[in-house]
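According to the numbering used here, the stretch in the sequence shown is residues 3 to 235, in order.
All C-beta atoms in this analysis are idealised placements derived from N, C-alpha and C, irrespective of residue type, glycine included.
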Amino acid sequence: MTNALRRRISRRPIPTNQEKACSNMSRATAVLAPGKPLAIPPAGNISFEIEAGQRLKLAQPEGEQVADLISFNRDDLRELLSMHSSRAVNLNWKLTAPHLLYSNRSREMWQIEQDLTGENYCGGGYCSEHLNVARYGEAGKGAPNCYSNLETAVRGYGMDRWSFNIDACFNVFMTVAYDANGVWEIRPPKGKPGDHIVMRALMPQIVAISNCPVLFNACNNFKLKPLTVELLK
Numbered sequence: 003m004t005n006a007l008r009r010r011i012s013r014r015p016i017p018t019n020q021e022k023a024c025s026n027m028s029r030a031t032a033v034l035a036p037g038k039p040l041a042i043p044p045a046g047n048i049s050f051e052i053e054a055g056q057r058l059k060l061a062q063p064e065g066e067q068v069a070d071l072i073s074f075n076r077d078d079l080r081e082l083l084s085m086h087s088s089r090a091v092n093l094n095w096k097l098t099a100p101h102l103l104y105s106n107r108s109r110e111m112w113q114i115e116q117d118l119t120g121e122n123y124c125g126g127g128y129c130s131e132h133l134n135v136a137r138y139g140e141a142g143k144g145a146p147n148c149y150s151n152l153e154t155a156v157r158g159y160g161m162d163r164w165s166f167n168i169d170a171c172f173n174v175f176m177t178v179a180y181d182a183n184g185v186w187e188i189r190p191p192k193g194k195p196g197d198h199i200v201m202r203a204l205m206p207q208i209v210a211i212s213n214c215p216v217l218f219n220a221c222n223n224f225k226l227k228p229l230t231v232e233l234l235k
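Okay, structure coming up:
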């Protein structure tokens with residue numbers, strides 16, 4: 003390296019934390035302004051960033067609509083939300099307020115502060131083309147699904163479907179029943195119009211949400227509806 007090149011490099015300003023954050027924000031599909039709700043259309047998806055201490059409100063304007071949510075430690079994308087860790091640390095498989103949600107390193111990622119529906123599926127997983135085909139046959143080929151939605155949402159960060167897994171997915175507002183005879187069944191959701199969940203971020207995160215597009219089963223009670231997301235002031 004020449005002395006002239008060294009001098010040019012030394013004059014480059016060191017980016018501030020705010021500039022770094024803005025650079026990261028440009029890779030999300032949306033930037034949320036505190037206090038301003040943003041709609042996720044039926045079958046749509048979104049990614050955004052949230053700072054530690056900020057509170058996320060996810061709402062069902064019409065009720066009976068499920069959201070698939072994944073999130074990553076913004077400073078190390080290898081650390082992401084884990085339903086296994088969340089169940090194991092809480093010793094509970096029905097996570098709602100005031101439970102904490104944990105990462106795959108068993109570190110605190112979220113606290114659920116309010117949950118009007120009080121019903122979420124915490125076993126991990128999301129609908130995908132291959133799963134839809136296995137369950138519903140040829141009708142599942144090419145059908146919209148949460149796996150593809152989530153991949154689309156995080157693509158701006160250079161990630162794809164291999165950057166997350168079924169354990170990372172928190173199925174918000176989803177009703178799944180475990181019967182005594184061993185039957186596992188997706189049932190109509192219990193969310194009423196205006197129901198919402200409020201979650202406080204415990205580390206800076208990248209969040210991706212799929213507004214579940216499934217019509218093959220009762221997950222969304224056979225009708226797709228909008229969701230709204232908001233960073234509370």
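In the DSSP assignment, find the unbroken alpha helix (DSSP H) run with residue 154 in it and report its ends.
148 to 156
Could you tell me the distance, in whole angstroms, from the CA atom of residue 251 to the CA atom of residue 181?
The structure shown has nothing for residue 251, since the chain only spans 3 to 235.
Between residue 67 and residue 229, how many whole angstroms is the CB-CB distance? I'm expecting something under 8 Å.
6 Å
Can you tell me whether residue 212 is buried or exposed? The criterion is at least 16 other CB atoms within 10 Å of its CB, across all chains shown.
buried
Residue range of the alpha helix (DSSP H) that includes residue 86
85 to 92
Can you tell me whether residue 200 is helix, strand or coil according to DSSP?
strand
If you reduce the DSSP assignment to three classes, tell me which class residue 23 lands in.
For residue 23, the predicted structure reports a pLDDT of 41, less than 50, and the residue's modelled location is therefore unreliable. A value from the coordinates is still provided. Residue 23 falls in the helix class under three-state DSSP.
Let me know the secondary structure DSSP gives residue 165 once reduced to three states.
helix
Is it the case that the segment 161 to 171 contacts the segment 84 to 98, given that we only count it when at least three CB pairs across the two stretches are under 8 Å?
yes
Who pairs with residue 210 in a beta bridge, going by DSSP?
49, 72
Expressed to the nearest angstrom, what Euclidean distance is found between the alpha-carbon atoms of residue 111 and residue 235?
20 Å
Is residue 135 helix, strand or coil when you go by DSSP?
helix
Nearest-angstrom Cα distance between residue 237 and residue 128?
Because the chain in this structure spans residues 3 to 235, residue 237 falls outside the shown range and cannot be described.
By a C-beta neighbour count over all protein chains shown, 10 Å radius and 16 as the cutoff for buried, is residue 43 buried or exposed?
exposed
Sort 106, 101, 146 by Cα distance to residue 47 and report the nearest one.
146
What residue range does the beta strand (DSSP E) around residue 230 cover?
229 to 233
For residue 97 and residue 32, the rounded distance between their alpha carbons
27 Å
Residue(s) in a DSSP beta bridge with residue 105
83
Unbroken beta strand (DSSP E) run spanning residue 173, endpoints:
172 to 174
Assuming residue 214 contacts residue 69 (C-beta within less than 8 Å), just tell me the rounded distance between them.
7 Å
Hey, how far is the Cα of residue 118 from the Cα of residue 194?
9 Å
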